[in-house]
Each structure stands twice: as C-alpha cells, then as structure tokens.
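Below: one structure, written as structure tokens.
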Amino acid sequence: MFTEANGHIEVICGSMFSGKSEELIRRIKRAQIARLKVQVFKPAIDQRFSLTDIVSHSGFSIQAVLVNEAREILEKLKNDTQVIAIDEIQFFSKEIIKICQKIANMGKRVIAAGLDQDFRGEPFGPIPFLLAVAEKVDKFQAICVICGASASRSQRIINEMPAGYDSPIVLVGASEYYEARCRKCHQVPKAVLV
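Numbers in the working numbering are just positions in the sequence shown, counted from 1, shifted up by 29.
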C-alpha cells in the first residue's frame with residue numbers, strides 16, 4: 030500500500046477514448062479533497078479542448094500548467110507539492126522518465142496519464158519505460174466503434190496529415206482524427222508505416 034510519505038509513480042494508460050484523463054482528474058480531485066498539495070502539468074502541444082485545462086472527452090476538466098519540455102516540470106515544481114499529475118505524457122521526450130523518477134525519489138506521488146500505443150499499435154514515446162519503472166499501472170480500454178469489443182488501440186481515420194505537422198506519428202486530435210478499435214478491427218495505413 031502506498032502512503033503519502035512514500036514517493037511513487039502511477040501510470041494511467043490505454044487507447045484514446047478510454048477515460049485516461051477522466052481518471053487522472055478523479056485522482057487529482059481525491060488528492061485535493063485529502064488536502065494534499067497538488068500540481069498539474071500538460072504539454073503545450075495539447076490544445077484540443079483548452080489552452081490551460083486538462084479536459085476529458087466526457088467534459089470533466091481541471092486547471093494545468095503548460096510546459097513545452099519535460100525539464101520545465103522540475104523548474105516549476107514547488108517544494109511543498111505532494112502530488113504531481115501529468116497528462117498526455119507520451120508527447121514528452123524520454124527525459125520525462127528520469128524526471129518522474131527524480132520526483133518520486135523526493136518522496137512525492139507522480140500520476141502520469143497517456144497513450145501507451147501510437148496509431149500504428151506500437152509503443153508510444155516514453156510510456157513503455159514509465160510502465161517498467163512505475164509502482165502502479167492501470168490500463169484502460171475503450172469500446173471498439175466497429176464491433177463493440179474492448180478497444181486497446183487508436184485508429185487514425187484520416188489519410189493525410191494536416192498542414193503544420195512534421196512527424197507522421199504525432200497528430201494531436203480527437204474524434205475528427207481517431208476512433209477506438211480492438212486488435213481485430215484496427216488497421217495501419219500502409220502509406221504511413223515508419
């Protein structure tokens with residue numbers, strides 16, 4: 030059992046539309062109810078629903094601090110903070126792994142949420158490494174829009190990248206670009222295999 034005196038890392042992962050951000054917000058609110066000092070961060074690249082808030086697909090939200098790079102989390106971390114929550118952690122470089130471990134080693138609770146797979150069904154960014162070093166991992170699933178089974182993958186439903194995107198992997202969006210799919214119904218477009 031984890032206590033507030035023990036630093037640790039929790040990872041909430043899964044496909045798009047599986048409730049990751051909603052669960053992150055729920056855990057943040059519970060920590061706030063317990064009168065713990067909480068800081069919430071999100072990558073500046075994620076401006077889908079709000080510039081300053083983490084917003085779930087079901088409409089729940091909580092204010093967050095925008096950061097461009099993982100190291101900014103350490104720079105903005107207050108000494109008395111007990112719980113650090115980070116949404117869309119897959120958008121950070123692998124530096125985020127060391128930062129999460131450093132914060133946990135300081136005796137703080139780190140809650141990270143993000144996609145564990147990219148649209149190709151392959152491990153996404155730093156998430157596989159965070160899963161390996163975390164004390165607690167919860168993998169959420171959505172519902173496949175094709176067959177209704179449990180969905181563990183995010184299906185990209187557009188063929189061409191919109192203007193302004195350099196990487197064929199990172200495309201920030203919601204239902205206009207993605208659907209939840211199960212393993213059987215998920216398809217990787219051959220034109221974007223990298």
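Each residue gets a CB set at the ideal place from its N, CA and C atoms; glycine is no exception.
With a 10 Å radius around the Cβ and a threshold of 16 neighbouring Cβ atoms, A163 comes out buried. Here C42 carries a strand assignment [DSSP, helix/strand/coil].
Sequence-distant partners of F169 (beyond 5 residues in either direction) whose C-beta falls short of 6 Å from its own C-beta, in its chain, are G43, S47, G48 and K49. A99: not part of any alpha helix (DSSP H); DSSP gives it neither H nor E.
Less than 9 Å separates the beta-carbon of D145 from that of Q119. With fewer than 16 other Cβ atoms from the protein chains shown falling within 10 Å of its own Cβ, Q216 counts as exposed.
Around the beta-carbon of C176, fewer than 16 other beta-carbon atoms lie within 10 Å, marking it exposed. Here DSSP, grouped into helix, strand and coil, assigns A141 to strand.
Between the C-alpha atoms of P218 and R182 there is a straight-line separation of about 14 Å. Distances from the CA of A141 to each of K165, R59, A171 and P152 were compared; the closest alpha carbon is that of K165. H37 is bridged by DSSP to R138. Under the three-state reduction of DSSP, Q216 is assigned to coil, being neither helix nor strand. Judged by their CB atoms, A180 and A171 are nearer to each other than the 9 Å cut-off.
Judged by DSSP in its simplified three-state form, K168 adopts strand.
Apart from the 5 residues on each side of it in sequence, F153 sits with its Cβ closer than 7 Å to the Cβ of Q119, L144, D145, Q146 and D147 in its chain, given in chain order. The Cβ atoms of V69 and D116 lie closer than 9 Å to each other. In the three-state DSSP reduction, I125 falls in the helix class (H, G or I). In this model, R149 and I41 are separated by some 20 Å (Cα to Cα).
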